[in-house]
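Right, one structure below, let's go through it.
In the numbering used here, the protein residues as written are 3 to 120.
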């Protein structure tokens, strides 16, 4: 049983910062990659950042590169998404997800809302 629990969302003004947390529990040894997705109203869910569970290497979507940073606390099996210089277009429901090697994202959190006011 795998569980992903997000926290840290909220309302922030443009230019502000938020840090999202994704606490993983259960069979995390099966993880190959963990990612953060977001879905704005009327738009498809999109991957914005991901991290290799073993190496810690990261990837960022162009839309967030230079503003968002992933980090990880190995002792807590928690991944953080630090979001700086937030823009109104970053407003979305943010999801943490994980996948095994050679598979799609199969483990999902419940989501946390991020709202950026102009």
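Positions of the beta carbon are idealized from the N, C-alpha and C atoms, including for glycine. Keep in mind that this is a model prediction, so the values were computed, not measured.
Just measuring C-alpha positions, the residue of 64, 4, 10 sitting nearest residue 83 is 10. In the DSSP annotation of this structure, the continuous segment of the beta strand (DSSP E) that includes residue 15 starts and ends at 12 to 15. Looking at the DSSP output, residue 107 bridges to nothing. The three-state reading of DSSP puts residue 30 in helix, counting H, G and I together. Between residue 50 and residue 58, the C-beta spacing is not below 9 Å.
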